[in-house]
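J.:
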Amino acid sequence: MNNLFTIKRPSRLRAVVATAVVLPLLASLAACGSGTDNKSSAPAPSMAADSKAAGLLPDSIKSSKVLRVAIPTNEPPTQYYKEGTKEMTGINPDIARLIGDALGVKVQIEVANFDSIIPGLAAGRFDMTVSSMTPTAERMKVLEFVDYLSIGNSIAVAKGNPVGIKDEHGLCGKRVGFLTASYQLTTHVPKYNKECAGKGEKDIATFQYQDTRQAISALTSGRLDAVLADSPIMGYAATQNPQIEVVANYGVDPVGVGMPKASGLIKAVGPAVAAVIKSAGYTKVLSTYGIESAAITDARVNFAQ
């Protein structure tokens, strides 16, 4: 994420396909509009504490019984505010709370822009993050990770695809929006630009935004040709906005719970996440948001992409 911080075993990961997101979300969320939740009165999934994992927590967290978790917002169904409130819901907040259950502590969600999360962890403002962050060698210079989901990529364009983008190989010279410091921007774009140079075409013109809603607004107003972001977010956005459509779904990468190396928190979070992904609560979270295909069976520790 910013200079210092910028940045599969496929048999164990199942690809996220946008069509797996669209229909369940239409049924459960569309009536409420983007960023809202008609299940706000229903109890969130929960699970029993894992006493062994809880016993490995750093003394400071054992004492406070609070885990400060950094998560962005304005990106349904991944993370967003319940309608008319400042209460966070979505895939990542729900999974963060399951991790808290497993560790026997309260989760205090700290809303932060994605590109401010790693500096905030380094400064001690947060204990960990559950923000669809892909473990990379660069990020692992300062953080440790435990995998908890696998997520693919999607490209959205204006309805009717006026610029004729078919896939990631057609982005050369196009104006493309990205979440600031995202894996797509920091890892995929350099590879795509090499391909563009090999074809004698211009680099991708990249535009960065603090949340995907801002990028979609730029797309619908004609300031962008495409937006490249996580499949669940793009798939949901396309069900909510008739002015855009998804033209490509591809790839899959694990995302991990991140925490500072020096904190020692990995000793407790590793087994806690392993317990979470085997729980009924984990299955319930993914089915609620229609992304069952994002489930993993192996909570790998520090597996860089």
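For the sequence shown, position 293 (counting from the first letter as 1) is numbered 275 according to the numbering used here, and the numbering increases by one without interruption.
Glycine is no exception: its CB is placed at the ideal position from the N, C-alpha and C atoms.
1) Note down, in chain order, each residue of its chain lying with its Cβ closer than 8 Å to the Cβ of residue 189, except the 5 sequence neighbours on either side.
2) Among 243, 272 and 252, whose alpha-carbon lies nearest the alpha-carbon of residue 213?
3) Going along the chain, which residues of its own chain have a beta-carbon closer than 6 Å to the beta-carbon of residue 266, five neighbours each way excluded?
4) Less than 7 Å between C-beta atoms, sequence neighbours within five positions excluded: which residues of the same chain meet that for residue 153?
5) Would you report the Cα separation of residue 183 and residue 172, rounded to the nearest angstrom?
6) For residue 29, name the three-state secondary structure that DSSP assigns.
7) For residue 251 and residue 34, what's the separation of their Cα atoms in angstroms?
8) How would you write the range of the alpha helix (DSSP H) that residue 188 sits in, first residue to last?
9) According to DSSP, simplified to helix, strand and coil, what is residue 259?
10) Please classify residue 151 as buried or exposed, where buried requires at least 16 other C-beta atoms within 10 Å of its C-beta.
11) Could you pull out every unbroken beta strand (DSSP E) segment of at least 3 residues lying fully inside the stretch 151 to 200, listed in chain order?
12) According to the neighbour-count rule (16 or more other Cβ atoms, all chains shown, within 10 Å of its Cβ), is residue 371 buried or exposed?
13) Using C-beta distances below 6 Å, list every residue in its chain close to residue 261, excluding the 5 sequence neighbours before and after it, in chain order.
14) Could you give the distance in angstroms between the alpha-carbon of residue 84 and the alpha-carbon of residue 155?
15) Report buried or exposed for residue 64, applying the criterion of at least 16 other Cβ atoms within 10 angstroms of its Cβ.
T.: Taking the geometry as given:
1) 157, 158, 159, 160, 197, 200, 205 and 206
2) 272
3) 27
4) 147, 174, 186 and 208
5) 14 Å
6) coil
7) 11 Å
8) First-last for residue 188: 187 to 191, but that is the beta strand (DSSP E), not the alpha helix (DSSP H).
9) coil
10) exposed
11) 157 to 161 and 187 to 191
12) Any answer about residue 371 is impossible in this case: the structure gives the chain only from -17 up to 287.
13) 29
14) 47 Å
15) buried
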